[in-house]
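Peer 1: If you read the protein sequences in the order shown, they are chains U and G. Residue numbers for the first sequence follow my numbering, so the first one is 114 and each next one is one higher. Residue numbers for the second sequence follow my numbering, so the first one is 295 and each next one is one higher.
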Amino acid sequence: MLKVLSCSSMPRSYFLQPKACLALQKDVIHMHAVTGRCTKVARNINMERLRNNYLFPEISARELEHIKKYPNAEVISLGIGDTTEPIPDLIASAMSDYARSLSTPEGYKGYGDEQGNKALRKAIAQTFYKDLAVKDTEVFVSDGSQCDISRVQMLLGSDMTIAVQDPSFPAYIDSSVIIGQAGDFQYNSGKYRNIEYMKCGPQNHFFPDLSNTLRTDIIFFCSPNNPTGHAASREQLEQLVEFAKENGSIIVYDSAYAAYITDESPRSIYEIPGAREVAIEVSSFSKSAGFTGVRLGWTVVPDELLYSNGFPVGHDFNRIICTCFNGASNIAQAGGLACLSPEGVSAMFSVVDYYKENAQILLDTFASLGLKTHGGVNAPYVWVHFPGKRSWDVFNEILGKTNIITVPGSGFGPGGEEFIRVTAFGHRETILEASTRLKSLFP
Amino acid sequence: MSLLNHPSTSISSSSSAFLGRDHRRLKTRPHNVLLPAKRSWICKCVATPPAEVTAYKTKVSRNANMAKLEAGYLFPEIARRRAAHMLKYPDAQVISLGIGDTTEPIPDVITSAMSKRSDALSTIEGYSGYGAEQGEKLLRATIASTYYANLGIEEGDIFVSDGAKSDISRLQVLFGSEVTMAVQDPSYPAYVDSSVIMGQTGQYQKDVGYGNIEYMKCTPENGFFPDLSTVPRTDVIFFCSPNNPTGSAATRDQLTQLVQFAKDNGSIIVYDSAYAMYMSDDNPKSIFQIPGAKEVAIETSSFSKYAGFTGVRLGWTVVPKELQFSDGFPVAKDFNRIVCTCFNGASNIAQAGGLACLSPEGIKAMHDVIGFYKENTEIIVKTFNSLGFNVYGGKNAPYVWVHFPGQSSWDVFAEILENTHVVTTPGSGFGPGGEGFVRVSAFGHRANVLEACRRFKELYK
């Protein structure tokens with residue numbers, strides 16, 4: 114089934130230049146410098162430090178290029194982790210009703226609390242953090258994790274050192290570069306100078322060797338992990354919290370895929386004793402409610418989380434929210450509230466199960482090809498190993514031979530080299546078709 | 295973070311006021327202190343330095359820029375005062391003409407589009423996931439053709455957002471900490487506060503402002519347009535017209551001067567046109583109506599005050615392709631990268647509403663609501679005029695800027711609140727240049743506006 118990204122997802126034409134055309138790009142810029150009238154405002158050096166486009170628009174660009182080149186190909190997108198199944202009725206109709214109520218005197222609402230609707234904050238605390246002592250006042254509703262990550266970076270400022278899993282969701286590193294924490298990119302290692310990359314691979318059970326990890330102020334940790342699909346065990350997270358405590362670090366824990374956990378792995382960092390003093394948790398409705406376009410998420414900042422001078426982190430985060438943001442859309446929040454009703458939770462898990470079944474199909478498919486696969490059990494991502502091969506080459510090979518878009522592992526960091534990420538989001542028939550095509554890869 | 299069991303939804307947004315350094319303004323230490331945890335060893339009023347040695351502290355230093363901020367953001371502070379007042383006078387009918395919050399329902403044609411889009415999301419054909427971070431194509435194109443027709447601004451120059459406030463911060467992230475900026479004085483607080491947070495400024499000095507910011511005074515004496523001949527060069531110039539809070543709208547002549555000034559200095563103007571549709575005079579609605587502006591200006595705008603989208607969240611920023619950094623690099627390319635990395639698009643439902651706003655029916659409906667608020671503004675202007683005050687603004691914006699010469703604006707705010715139960719906004723909250731003024735916003739049900747004006751007449755007769 115052809116899944117076409119809207120053309121508007123393309124940045125303007127000169128952003129699409131594949132790397133080979135970088136020289137042409139430079140000429141275009143030079144021409145502007147000579148013939149156009151520049152301001153005297155220096156470009157932000159941090160923006161200059163960014164290597165390449167953000168990963169996912171780059172994948173979109175490649176997809177579009179491929180479609181243009183092969184207009185008759187039925188391209189299947191298992192690249193960007195974009196949800197495909199409709200939002201459950203009761204959630205969509207809650208948003209529909211709320212929208213309509215905004216045109217009535219009784220129902221109209223203007224500005225909401227920047228921290229989010231109180232009932233929604235309460236529902237989030239009660240649904241996801243029951244028995245974990247998270248208060249509604251510690252929950253900050255947002256327009257999604259990608260935005261929250263950048264707001265957390267603005268909060269922390271440019272003088273922080275950060276550690277990330279390697280591979281990891283690119284927004285942690287990219288936002289770090291943009292805010293000025295990361296230093297220069299080092300081409301020989303493929304890493305930014307000031308960032309501590311914690312390798313996560315099959316050899317270490319996808320959990321970093323903390324005894325060989327330098328202290329950093331901040332540790333980004335995503336579990337279940339994007340892209341590897343690994344869900345950290347309780348024991349692993351206890352080590353992580355202990356490590357953070359010893360070093361006086363703050364963990365930024367991304368639990369966006371917690372709903373996909375099948376086994377007993379913790380769904381929240383706050384299941385670990387002591388985590389309230391060391392961790393911020395970021396999460397999202399995107400992958401559980403199909404809210405990728407609706408835009409709704411949240412961040413928890415516990416009251417016990419203090420800076421070195423004793424100042425509560427939550428107070429500053431609140432100030433950021435009030436100054437740099439103006440709340441998530443009230444309609445999206447109405448949807449969020451419906452998501453957290455008993456029927457809503459049940460409906461969300463039905464969709465999650467659907468995607469997990471997709472993941473199992475993909476796992477089986479790759480395994481049948483003799484490939485070592487990871488993930489796919491606690492996350493909607495399958496992480497496939499192609500030892501000795503460059504991930505962009507594998508990406509191109511798969512695309513060329515099967516018209517399937519995946520994501521090359523190196524897009525997530527040097528630790529992703531030799532791997533391909535395949536998402537399990539898609540209509541069942543698409544996944545089955547993809548499976549058929551993949552099986553023909555190595556006949 | 296407040297423990298007040300109060301039905302008012304503004305309470306939690308007011309928590310920042312507890313957290314700021316503004317304790318000198320509180321006559322008594324509030325008893326509603328922050329009690330974050332059940333554990334009794336964290337129990338502190340934030341105004342006192344933390345003395346508890348048993349509380350675990352990380353070794354992460356607080357961002358020094360956050361420490362520079364004076365008090366909480368202005369509007370949560372106003373909300374906190376309002377809430378405190380309502381507690382004090384539970385039977386009083388408090389009228390809010392403080393925070394510029396829209397009150398009238400969104401026109402049907404717009405909400406039904408959002409309702410339809412919501413319903414569509416539960417169908418196979420109608421479901422959509424991630425949208426383009428820059429916004430839906432048709433919406434971008436329609437914004438361009440509606441507001442920038444014949445100005446050489448195209449779909450690709452438009453970046454749809456969740457509102458001007460978020461855009462301002464994203465622009466600051468784009469510019470980075472090394473730029474210098476100028477603001478009108480007084481001005482919408484988000485420009486200065488986001489600058490502090492980004493690390494562009496020095497420390498705050500009472501009555502002067504933050505170090506390293508160029509405050510361009512806008513007063514009745516200079517017709518609310520700065521004397522550019524006395525303004526030093528800065529990299530970025532924030533300029534809001536029609537202005538929040540003064541209500542003044544810059545003329546074509548003034549904006550031509552501004553563009554020339556930016557050109558001479560190689561500066562970038564960030565032009566906030568969120569109130570353009572409130573203009574009665576024949577002033578430019580967009581900076582791009584000024585020749586040459588595309589090479590020096592970014593424009594940011596919003597559906598908040600046109601369509602009542604203050605809670606729905608939708609706006610846009612225009613970054614012309616002609617705008618370049620000093621090395622020739624297009625500003626739009628970096629802004630696009632910020633939008634793709636630090637943002638993930640405005641809500642698709644809000645965008646469906648935006649498209650309906652820009653249909654012929656939607657535009658007419660928005661004009662009607664704007665007209666309603668403009669009538670409110672007139673009523674307020676007439677009231678204060680009749681009481682002998684010098685009144686500014688009101689004609690081109692939903693704000694009335696009332697002069698109280700020689701008085702502290704927070705004192706006037708408190709006096710008005712105490713005696714009339716009407717919330718306004720003290721001018722000094724918008725910068726040192728706002729001292730001696732009070733901003734009265736014109737958003738409100740007609741009955742409330744009339745009642746507020748009746749009370750003003752009582753107080754000041």
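Don't be surprised by glycine CBs; every beta carbon is placed ideally from N, CA and C.
1. So, at 6 Å on beta carbons, what are the nonlocal neighbours of U:I237 in its own chain, with the 5 sequence-adjacent residues on each side left out?
2. Count the other CB atoms within 10 Å of the CB of G:R356; is the residue buried (16 or more) or exposed (fewer)?
3. Does G:L740 come out as helix, strand or coil in the three-state DSSP assignment?
4. Counting only Cβ pairs nearer than 7 Å, list the residues of chain G close to U:R150.
5. By the 9 Å beta-carbon criterion, what residues does the stretch 734–750 of chain G contribute toward chain U?
6. Using alpha carbons as the reference points, say which of G:L652, G:P578, G:V454, G:R374 lies closest to G:V717.
7. Write down the C-beta distance between U:G229 and G:G602 rounded to the nearest angstrom, noting that I regard them as a contact closer than 8 Å.
8. In chain C, which residues lie with their C-beta within 8 Å of the C-beta of U:N360?
9. What span of residues does the alpha helix (DSSP H) with U:H179 cover, start to end?
10. Since G:S390 sits in a beta bridge, which residues does DSSP pair it with?
11. Please list, in chain order, the residues of the stretch 335–357 of chain U that have any C-beta partner in chain G closer than 7 Å.
12. Judging by CA-CA distance, which residue of G:G648, G:G429, G:R464, G:E398 is the nearest neighbour of G:G665?
13. Using the rule of at least 16 other Cβ atoms within 10 Å of the residue's Cβ for burial, across every protein chain shown, is G:H661 buried or exposed?
14. What does a CB cutoff of less than 7 Å around G:N559 pick up in its chain, not counting 5 residues either side in sequence?
15. Measure the alpha-carbon distance for G:A626 versus G:P614 and round it to whole angstroms.
16. Are there three or more Cβ pairs, one per stretch, closer than 8 Å when the stretch 470–480 of chain G is compared with the stretch 673–685 of chain G?
17. For U:S553, which residues of its own chain have a beta-carbon under 6 Å away from its beta-carbon, when the five flanking residues on both sides are left out?
18. Spatial neighbours of U:I291 within its chain, please: C-beta separation below 6 Å, excluding the five flanking residues on both sides.
19. Quick one: what does DSSP say U:G406 is sitting in, helix, strand or coil?
20. Cutting at 7 Å between CB atoms, please list the residues of its own chain near G:H739, excluding the five before and the five after it.
21. Could you give the DSSP three-state label for G:G503: helix, strand or coil?
22. Who are the near neighbours of G:I372 in its chain, counting only those whose CB is closer than 7 Å to its CB and skipping five residues on each side?
23. On a CA-only basis, which of G:Q583, G:V590, G:A568, G:N577 is nearest G:F555? Give me that one, please.
24. Quick check on U:G303 - is its C-beta less than 8 Å from some C-beta in chain G?
25. Using a Cβ-Cβ cut-off of less than 8 Å, list which residues of the stretch 466–482 of chain G approach chain U; keep chain order.
26. Got a sec: is the Cβ-Cβ distance from U:L482 to anything in chain G below 8 Å?
27. Less than 8 Å between the beta carbons of G:A756 and G:Y569, yes or no?
28. Are the beta-carbon atoms belonging to U:N307 and G:S460 less than 8 Å from one another?
29. What does U:E390 reach in chain G if we use C-beta pairs closer than 9 Å?
30. Would you kindly work out how many angstroms separate the C-alpha atoms of G:F629 and G:E419, rounded to a whole number?
31. For the beta strand (DSSP E) that contains G:E655, what are its first and last residues?
32. Classify U:P379 as buried or exposed, calling it buried when 16 or more other Cβ atoms lie within 10 Å of its own Cβ.
33. Quick test of your reading: G:I437 and G:L652, contact by CB under 8 Å. State the CB separation rounded to the nearest angstrom.
34. Taking the continuous alpha helix (DSSP H) assigned at G:T348, which residues delimit it?
35. Step through the CB atoms of chain G and report whether any lies within less than 8 Å of the CB of U:C452.
36. Over what stretch of residues does the alpha helix (DSSP H) that includes U:D279 continue unbroken?
Peer 2: On the basis of the supplied data:
1. Take U:I237, set aside five residues on each side of it, and the residues of its chain with a beta-carbon closer than 6 Å to its own are V252, W411, in chain order.
2. G:R356 should be labelled buried.
3. The sequence given here places Arg at residue 740 of chain G; Leu does not occur at that position. Residue state for G:R740 is assigned as helix, using DSSP reduced to three classes.
4. Chain-order list of chain G residues neighbouring U:R150: E589, by C-beta distance under 7 Å.
5. Hits within the stretch, in order: F737, H739.
6. Between G:V717 and the set G:L652, G:P578, G:V454, G:R374, the nearest pair of CA atoms involves G:R374.
7. Contact flag wrong, Cβ pair sits at about 20 Å.
8. The structure shown contains no chain C; the protein chains it does contain are U and G.
9. Boundaries of the alpha helix (DSSP H) around U:H179: 168–182.
10. Note: G:S390 sits in a beta bridge opposite G:V717.
11. In summary, no residue of the stretch 335–357 of chain U has a CB separated from any CB of chain G by less than 7 Å.
12. Residue G:E398 is the option with its Cα nearest to G:G665.
13. Classification of G:H661: exposed, given that the 10 Å Cβ count is below 16.
14. Excluding its 5 nearest sequence neighbours in each direction, G:N559 has C-beta neighbours in its own chain below 7 Å: R527, listed in chain order.
15. Rounded to whole angstroms, G:A626 to G:P614 spans 7 Å at the Cα level.
16. Counting Cβ pairs under 8 Å, fewer than three are found: no touch.
17. Cβ neighbours of U:S553 beyond the five flanking positions: none.
18. Result list for U:I291: N159, in chain order.
19. DSSP places U:G406 in coil when its eight states are reduced to three.
20. So the qualifying residues of the chain are T397.
21. DSSP, reduced to helix, strand and coil, places G:G503 within a strand of the structure shown.
22. The beta carbon of G:I372 sits closer than 7 Å to those of G392, I393, V717, T719, all from its chain and outside the five residues before and after it, given in chain order.
23. Comparing alpha carbon positions, the residue from G:Q583, G:V590, G:A568, G:N577 closest to G:F555 is G:V590.
24. Closer than 8 Å: no.
25. Considering only beta carbons, the part of the stretch 466–482 of chain G lying closer than 8 Å to chain U consists of V467, L468, F469, G470, S471, E472, V473, in chain order.
26. Output row for U:L482: interface = no.
27. One cannot answer for residue 756 of chain G here, as it falls past the ends of chain G, which runs 295 to 755.
28. Taking the C-beta atoms as reference points, G:S460 is found no nearer than 8 Å to U:N307.
29. Chain-ordered, the chain G residues with CB closer than 9 Å to the CB of U:E390 read A349, Y350, K351, T352.
30. If I take the Cα positions, the gap works out to 32 Å.
31. Premise fails: G:E655 lies in the alpha helix (DSSP H), 654–680, not in any beta strand (DSSP E).
32. By the neighbour-count rule (16 or more Cβ atoms within 10 Å), U:P379 is buried.
33. 7 Å between Cβ atoms; contact.
34. Unbroken run through G:T348: none, as it is neither H nor E.
35. Interface flag for U:C452 against chain G is unset, since no Cβ pair is found closer than 8 Å.
36. Note, U:D279: premise wrong, no alpha helix (DSSP H); beta strand (DSSP E) at 275–279.
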